[in-house]
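Asker: Chains as they are written, first to last, in the UniProt record's numbering: chain A, 1 to 619; chain B, 1 to 216.
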Amino acid sequence: MHENSYKDLLHNVEKPSRYSGNEWNVVKKDLEKIDLSICLAFPDIYEVAMSHLGFKILYHIINSRDEFAAERVNAPWTDFEKILREKNMPLRSLESQLELNKFDLVGFTLQYEMSYTNILNMLDLGHIPVLSQDRGEDAPLVIAGGPCAFNPEPLHNIIDAFVIGEGEEAILELLDTVKKGKKQGLKRDELLRELTKIQGVYVPKYYQGKYDENGVYKGTFPTDEGIPKTITKRFIRDMSQSSFPQDMMVPYMDIVHDRIMLEICRGCSRGCRFCQAGMLYRPVREKNLETLLEQAEKLVKSTGYGEISLSSLSSADHSQIHDLAKGLVDTYKDKGVGVSLPSLRVDSFSIELAEMVQQVRKTGLTFAPEAGSQRLRDVINKNVTEENLINAVSDAFKSGWNRVKLYFMIGLPTETYEDLDGIVDLAEKVVAEYKKHGKNMKRFSVTVSTSSFVPKPHTPFQWVPQFSKEELVNRQNYLKSKLKSRYINYSWHDVEVSYLEAIFAKGDRKLADVLYTAWKKGCKMDGWGEHFKYDIWLDSFKELEVNPDNYAYATPQADNPLPWDHISSGVNKKYMALEYKRALKEEITEDCSFGACGGCGACNNLKYDVKKVRRGQDA
Amino acid sequence: MHKYWLKYAKGENVRFISHLDLLRAMDRAIRRAGVPIAYSQGFNPHPKLSFATPLSVGVVSHGDYLEMELTEELEPQDIMETMNPKLPEGIEILEMEKLDGRKPTLGAIVAATLYKVEIKDDLDNQIQELLNEKELMIERTNKKGTKIIDIRPLIYNIYTKGNCIYMLLATSSSANVKPKEVLNLLSIDNPNIDKEETFCRDENEKFITPLEWLKN
Numbered sequence: 001m002h003e004n005s006y007k008d009l010l011h012n013v014e015k016p017s018r019y020s021g022n023e024w025n026v027v028k029k030d031l032e033k034i035d036l037s038i039c040l041a042f043p044d045i046y047e048v049a050m051s052h053l054g055f056k057i058l059y060h061i062i063n064s065r066d067e068f069a070a071e072r073v074n075a076p077w078t079d080f081e082k083i084l085r086e087k088n089m090p091l092r093s094l095e096s097q098l099e100l101n102k103f104d105l106v107g108f109t110l111q112y113e114m115s116y117t118n119i120l121n122m123l124d125l126g127h128i129p130v131l132s133q134d135r136g137e138d139a140p141l142v143i144a145g146g147p148c149a150f151n152p153e154p155l156h157n158i159i160d161a162f163v164i165g166e167g168e169e170a171i172l173e174l175l176d177t178v179k180k181g182k183k184q185g186l187k188r189d190e191l192l193r194e195l196t197k198i199q200g201v202y203v204p205k206y207y208q209g210k211y212d213e214n215g216v217y218k219g220t221f222p223t224d225e226g227i228p229k230t231i232t233k234r235f236i237r238d239m240s241q242s243s244f245p246q247d248m249m250v251p252y253m254d255i256v257h258d259r260i261m262l263e264i265c266r267g268c269s270r271g272c273r274f275c276q277a278g279m280l281y282r283p284v285r286e287k288n289l290e291t292l293l294e295q296a297e298k299l300v301k302s303t304g305y306g307e308i309s310l311s312s313l314s315s316a317d318h319s320q321i322h323d324l325a326k327g328l329v330d331t332y333k334d335k336g337v338g339v340s341l342p343s344l345r346v347d348s349f350s351i352e353l354a355e356m357v358q359q360v361r362k363t364g365l366t367f368a369p370e371a372g373s374q375r376l377r378d379v380i381n382k383n384v385t386e387e388n389l390i391n392a393v394s395d396a397f398k399s400g401w402n403r404v405k406l407y408f409m410i411g412l413p414t415e416t417y418e419d420l421d422g423i424v425d426l427a428e429k430v431v432a433e434y435k436k437h438g439k440n441m442k443r444f445s446v447t448v449s450t451s452s453f454v455p456k457p458h459t460p461f462q463w464v465p466q467f468s469k470e471e472l473v474n475r476q477n478y479l480k481s482k483l484k485s486r487y488i489n490y491s492w493h494d495v496e497v498s499y500l501e502a503i504f505a506k507g508d509r510k511l512a513d514v515l516y517t518a519w520k521k522g523c524k525m526d527g528w529g530e531h532f533k534y535d536i537w538l539d540s541f542k543e544l545e546v547n548p549d550n551y552a553y554a555t556p557q558a559d560n561p562l563p564w565d566h567i568s569s570g571v572n573k574k575y576m577a578l579e580y581k582r583a584l585k586e587e588i589t590e591d592c593s594f595g596a597c598g599g600c601g602a603c604n605n606l607k608y609d610v611k612k613v614r615r616g617q618d619a
Numbered sequence: 001m002h003k004y005w006l007k008y009a010k011g012e013n014v015r016f017i018s019h020l021d022l023l024r025a026m027d028r029a030i031r032r033a034g035v036p037i038a039y040s041q042g043f044n045p046h047p048k049l050s051f052a053t054p055l056s057v058g059v060v061s062h063g064d065y066l067e068m069e070l071t072e073e074l075e076p077q078d079i080m081e082t083m084n085p086k087l088p089e090g091i092e093i094l095e096m097e098k099l100d101g102r103k104p105t106l107g108a109i110v111a112a113t114l115y116k117v118e119i120k121d122d123l124d125n126q127i128q129e130l131l132n133e134k135e136l137m138i139e140r141t142n143k144k145g146t147k148i149i150d151i152r153p154l155i156y157n158i159y160t161k162g163n164c165i166y167m168l169l170a171t172s173s174s175a176n177v178k179p180k181e182v183l184n185l186l187s188i189d190n191p192n193i194d195k196e197e198t199f200c201r202d203e204n205e206k207f208i209t210p211l212e213w214l215k216n
């Protein structure tokens, strides 16, 4: 057992178990006896980190290899950071209480743009130079992966190497390469160069942006022979065969997703045009029923959790979802273990499924129509109808549900005030349905939640300018004034945060300096309303003479190079341009798992056949 | 239904987990171990576990108690042997007994707690002075406001042994004193408190542990 070097400090911080580790199924290795150590760093607080499945998967996969040790570190909340800085104590890992700068590698997960300042802050707190160029031979290699790595440029001078795509296999190849390189006595630069040979690894120092005589961006290219021009993502071919840890860690404190997250499938082929995950994780890959039942059994035994959540981007689309849900409910209903579905699509929703899984605990239902009118739903390719939604809620109310949440986006391309009226109309129709079929008006509520559309790279809407902040506020106010029913609660997102998110989502290398400056001036925890310092961000843009509007409101032409063109998700840029055109024409594109192939290129580029797999055949 | 009382420890490793965290950890360990715990009826079934006293964040305990209800009768020794390997490092069941007949709840009979804190200086004189006081008025603030109470009758004993101070303090729903309140009076600022044992009283008002009380 390691003496907790934070022990005397933790009496005065909020939620000290964020920093004390020792959870069930934690892996503690003798760091003297392994070849390579990596600290997996989540740039947000413990509760968020421990709710993230990918983070846990990588932790256990790396630790399954005897010669490697993976430990964890999270962003300290501001109270604890203050103590660490006052006492000049370095940030340490949860497992061995080792200072971050003593690890061989530190690996960040990039889940959302608003956590970028926390990366800089954690490196600094871990006594690791924030900029790659300042790191000496003894400093850890700083790597990163996750969805935001698909546009790595705003972090090009912070992160030494990015892993693009799914990390299960790539991380082990990377660690093997580092281990071998260290044995051979390779210098940091030589080691980074070695890493470029691994498929899916992007080492930004070997790339440079090119500009023409007018300063117009012409793309990012390798600076050396033998460095790949395009970095194509990694993906797991067979999810049923892929290692899925069954000895998952169980935290003590109440976290966001405190349950078994049984990943049943990866990817989604519905093709919503705003959705980055839907493009990045193509093609869809399912785990088979037998594997899932076996994994569920082991997970329940090993974790002791009382709930199994069937996780994926669109769980109800799994070809064996009914058998799976029934199998699990039958096995566990008398053992105090419930089954839940994190999201339900209105169209594939069957009340039978929802009823089946909620036998133990009947929680609220959540639907995401995304847009208020059929016209706008066609633009975004969200192929659900008002009838689908009304049927679904009506069935749900008849079966005893009292609470419904409806998610929408505002500021979607081509959105008008008539589309906003559609949101109001839908919410009111849901209220009317409850009045017809519901059982207890006192318990009834509809939550309408709107987020502001953020154009994301590698999607058909990557060319779309965001609506101005002023206009987004107008639209939020419009909805506030119209959603008057006492049964409807309306919640919305801060438009300044969505604006900054768009800037960094579509950012290039120039933003790296803005990020550094903003962090230096005190920005961190930007995703937490009370810490978001919009004025400092604006000052930082000004100081570096970078106009943020040029990112959020840009309207690049379809054939112009984009800052992330050298990173490939497998989906062709031409396909995204075509999808954008179809969006403007309000034309829908079928789900390729069930309908015609849309020609996105993912199967072809990655040598896969999604249709075969969906029919339960081998990859 | 079959009721059991358990004596358990919360060690250094889990010092900073909260009372609710501990409850969740127990619940999960019970499920991992496959112990047939009884669940409450209703919308959100809860495992039938109840703690004698809430355990504060930051406090290590060597003698806390809880009541557990099972749907099958099992030997206490077997339950301990199944559960202990399934509990996180630092949480351990030390002893347990099965209840015969009707008994009050654990919470109702608990009367005192013995705490231990490491100290640097010799405090015997200060402790004696404190114990000689007729009353010890302190301020307590809660949601309802601030009130001044006399905690002297709630301090049953204070003594030192080695480099530690031991405090036997009242613990019940009607009369309770926190170890920090006494440490403040003695100007001790070590926040690392150990709970040594929990006591109830026998018919002669003598302090005995809940498991001794059962056997009595």
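We put the beta carbon where it would ideally sit given N, CA and C, even for glycine.
Could you list the residues in the stretch 301 to 312 of chain A with a C-beta less than 8 Å from some C-beta on chain B, going in chain order?
Answerer: Within the stretch 301 to 312 of chain A, the residues whose Cβ lies closer than 8 Å to some Cβ of chain B are Lys301, Ser302, Thr303, Gly304, Tyr305 and Gly306, listed in chain order.
Asker: Identify each residue in the stretch 22 to 48 of chain B for which the Cβ-Cβ distance to at least one residue of chain A is less than 9 Å, and report them in chain order.
Answerer: Going along the stretch 22 to 48 of chain B in chain order, one finds Leu22, Arg24, Ala25, Asp27, Arg28, Ala29, Ile30, Arg31, Arg32, Ala33, Gly34, Ile37, Tyr39, Phe43, Asn44, Pro45 and Pro47 with a Cβ nearer than 9 Å to chain A.
Asker: How long is the line joining the alpha carbons of Ile30/B and Ala296/A, rounded to whole angstroms?
Answerer: Counting from one through the second sequence, the residue named residue 30/B turns up at place 30. Counting from one through the first sequence, the residue named residue 296/A turns up at place 296. Cα-Cα distance, rounded: 18 Å.
Asker: Compare the C-beta of Val571/A against all C-beta atoms of chain B and say whether one is closer than 7 Å.
Answerer: By 1-based counting over the first sequence, the position of residue 571/A is 571. No, Val571/A does not count as interfacial toward chain B.
Asker: Could you tell me whether the Cβ of residue 226/B comes closer than 7 Å to any Cβ of chain A?
Answerer: Lying outside 1 to 216, the shown extent of chain B, residue 226/B is not represented and no answer is given.
Asker: If the cut is a Cβ gap below 9 Å, which residues of chain B does Gly364/A touch?
Answerer: For the purposes of this step, residue 364/A is taken as the residue at position 364 of the first sequence. In chain order: nothing, as chain B lies at least about 13 Å away.
Asker: Using the three-state DSSP reduction, which class does Val163/A fall into: helix, strand or coil?
Answerer: Counting from 1 along the first sequence, the entry for residue 163/A is found at position 163. Strand, per DSSP.
Asker: Measure the CB-CB distance between Leu20/B and Glu97/B and report whether it falls below 7 Å.
Answerer: For the purposes of this step, residue 20/B is taken as the residue at position 20 of the second sequence. For the purposes of this step, residue 97/B is taken as the residue at position 97 of the second sequence. It is not a contact, given that the beta carbons lie outside the stated cut-off.
Asker: Report the option in Leu141/A, Lys205/A, Asp378/A and Gly165/A whose CA atom is closest to the CA atom of Gly181/A.
Answerer: The sequence position of residue 181/A within the first sequence is 181, counting from 1. The shortest Cα separation from Gly181/A among Leu141/A, Lys205/A, Asp378/A and Gly165/A belongs to Leu141/A.
Asker: For a contact meaning CB atoms closer than 8 Å, what does Phe51/B contact in chain A?
Answerer: For the purposes of this step, residue 51/B is taken as the residue at position 51 of the second sequence. None at all; the shortest Cβ gap to chain A is about 15 Å.
Asker: Can you list the residues of chain B that Leu472/A reaches, using a CB-CB cut of under 8 Å?
Answerer: Position 472 of the first sequence, counted from the first residue, corresponds to residue 472/A. Going along chain B, no residue has its Cβ under 8 Å from Leu472/A, so there is no contact; the nearest lies around 38 Å.
Asker: Determine which residues share a DSSP beta bridge with Lys10/B and list them.
Answerer: On the second sequence, residue 10/B is found 10 positions in, with the first residue counted as 1. According to DSSP, which records beta bridges pairwise, Lys10/B is partnered with Ser61/B and Ile91/B.
Asker: Hey, Leu151/B and Val177/B are a contact pair by Cβ (cut 8 Å); roughly how many whole angstroms apart?
Answerer: Along the second sequence, one-based indexing puts residue 151/B at 151. Along the second sequence, one-based indexing puts residue 177/B at 177. Leu is not the amino acid found at residue 151/B; the sequence shown has Ile there. Going by Cβ atoms, the distance from Ile151/B to Val177/B rounds to 5 Å, so yes, they are a contact pair.
Asker: Would you say Gly101/B touches the ligand MN, meaning its beta carbon is less than 6 Å from a heavy atom?
Answerer: No copy of the ligand MN occurs in the structure displayed, which carries no ligand at all.
Asker: Below 9 Å between beta carbons is the criterion; list the residues of the stretch 251 to 264 of chain A that meet it against any residue of chain B, in chain order.
Answerer: Listed in sequence order: Pro251, Tyr252, Met253, Asp254 and Asp258.
Asker: Going straight from the alpha carbon of Asp66/A to that of Ile34/A, what length do you get?
Answerer: Here the question's residue 66/A lines up with position 66 in the first sequence. Here the question's residue 34/A lines up with position 34 in the first sequence. Answer to the nearest angstrom: the Cα atoms are 7 Å apart.
Asker: Leaving aside the five residues before and after Leu262/A along the sequence, list all residues of the same chain whose C-beta is less than 8 Å from its C-beta, in chain order.
Answerer: The residue you call residue 262/A lines up with position 262 of the first sequence. Correct list, in chain order: Leu292, Gln295, Ala296, Leu299, Ile308, Ser309, Leu310 and Ser311.
Asker: Cβ atoms of Met83/B and Ile93/B: under 7 Å apart, would you say?
Answerer: Stepping through the second sequence from its first residue, residue 93/B is reached at position 93. Stepping through the second sequence from its first residue, residue 83/B is reached at position 83. Against a cut-off of 7 Å, the Cβ pair of Met83/B and Ile93/B comes out as a contact.
Asker: Taking the runs of the alpha helix (DSSP H) that are 4 residues or longer, which of them lie wholly in the stretch 237 to 307 of chain A?
Answerer: You should have 276 to 280 and 289 to 303.
Asker: What's the call for Ile148/B, buried or exposed, on a 16-neighbour Cβ count within 10 Å?
Answerer: Translated into positions along the second sequence, residue 148/B becomes position 148. With fewer than 16 other Cβ atoms within 10 Å, it is exposed.
Asker: Quick one, which of Gly364/A, Ser340/A and Gln320/A has its alpha-carbon nearest Met356/A's?
Answerer: The residue labelled residue 356/A in the question sits at position 356 within the first sequence. Among Gly364/A, Ser340/A and Gln320/A, the Cα nearest to that of Met356/A is on Ser340/A.
Asker: For Leu98/A and His127/A, I'd like the C-alpha separation in whole angstroms.
Answerer: For the purposes of this step, residue 98/A is identified with residue 98 of the first sequence, where counting begins at 1. For the purposes of this step, residue 127/A is identified with residue 127 of the first sequence, where counting begins at 1. Going from the Cα of Leu98/A to the Cα of His127/A covers about 12 Å.
Asker: Determine the burial state of Gln617/A: buried for a count of at least 16 other Cβ atoms within 10 Å of its Cβ, exposed for fewer.
Answerer: As a first step, residue 617/A is located in the first sequence; it is residue number 617 there, counting from the start. Confidence at Gln617/A is low in this model, with a pLDDT of 48, below 50, so its placement is unreliable and no value can be given for it.
Asker: Taking the straight line between their C-alpha atoms, what separation do you get for Val360/A and Ile264/A?
Answerer: On the first sequence, position 360 is the one that residue 360/A refers to. On the first sequence, position 264 is the one that residue 264/A refers to. Low confidence applies here, because Val360/A scores a pLDDT of 45, under 50, leaving its location unreliable and the question unanswered by this model.
Asker: If you run the structure through DSSP and keep just helix, strand and coil, what is Phe235/A?
Answerer: If you number the first sequence from 1, residue 235/A lands on position 235. Three-state DSSP puts Phe235/A in coil, outside helix and strand.
Asker: Give the single residue among Thr303/A, Glu587/A and Ser468/A whose Cα lies nearest to the Cα of Pro251/A.
Answerer: For the purposes of this step, residue 251/A is identified with residue 251 of the first sequence, where counting begins at 1. Comparing Cα positions, the closest option is Thr303/A.
Asker: Using 8 Å as the Cβ pair cut-off and three pairs as the minimum, do the stretch 69 to 86 of chain B and the stretch 27 to 42 of chain B touch?
Answerer: Taking 8 Å as the limit for Cβ pairs, the verdict is that the stretch 27 to 42 of chain B does touch the stretch 69 to 86 of chain B.
Asker: Kindly indicate if chain E contains any beta-carbon less than 7 Å away from that of Ile155/B.
Answerer: No chain E is present in this structure, whose protein chains are A and B.
Asker: Between Met239/A and Lys187/A, how many whole angstroms is the CB-CB distance? I'm expecting something under 8 Å.
Answerer: Taking the first sequence and counting its residues from 1, one reaches residue 239/A at position 239. Taking the first sequence and counting its residues from 1, one reaches residue 187/A at position 187. Incorrect: roughly 38 Å between the Cβ atoms, too far for contact.
Asker: Quick check on Trp24/A - is its C-beta less than 7 Å from some C-beta in chain B?
Answerer: Numbered from 1 along the first sequence, position 24 holds the residue referred to as residue 24/A. Trp24/A counts as touching chain B.
Asker: DSSP state of Ile410/A, grouped into three classes?
Answerer: Residue numbering aside, residue 410/A sits at position 410 when the first sequence is read from its first letter. Note: Ile410/A maps to strand in three-state DSSP.
Asker: May I ask you to verify whether the stretch 188 to 206 of chain B touches the stretch 102 to 122 of chain B, counting CB pairs closer than 8 Å and requiring at least 3?
Answerer: Cβ pair count under 8 Å is three or more, so yes.
Asker: So, is the C-beta of Ile79/B closer than 7 Å to a C-beta in chain A?
Answerer: Residue mapping note: residue 79/B aligns to position 79 of the second sequence, counting from 1. False, the Cβ-Cβ gap to chain A never drops below 7 Å.
Asker: Between which two residues does the beta strand (DSSP E) carrying Arg201/B extend?
Answerer: The sequence position of residue 201/B within the second sequence is 201, counting from 1. Start and end: Ile193 to Arg201.
Asker: With DSSP run on the structure shown, which of helix, strand or coil describes Asn184/B?
Answerer: In the second sequence, counting from the first residue as 1, residue 184/B sits at position 184. If DSSP states are grouped into helix, strand and coil, Asn184/B belongs with the helices.
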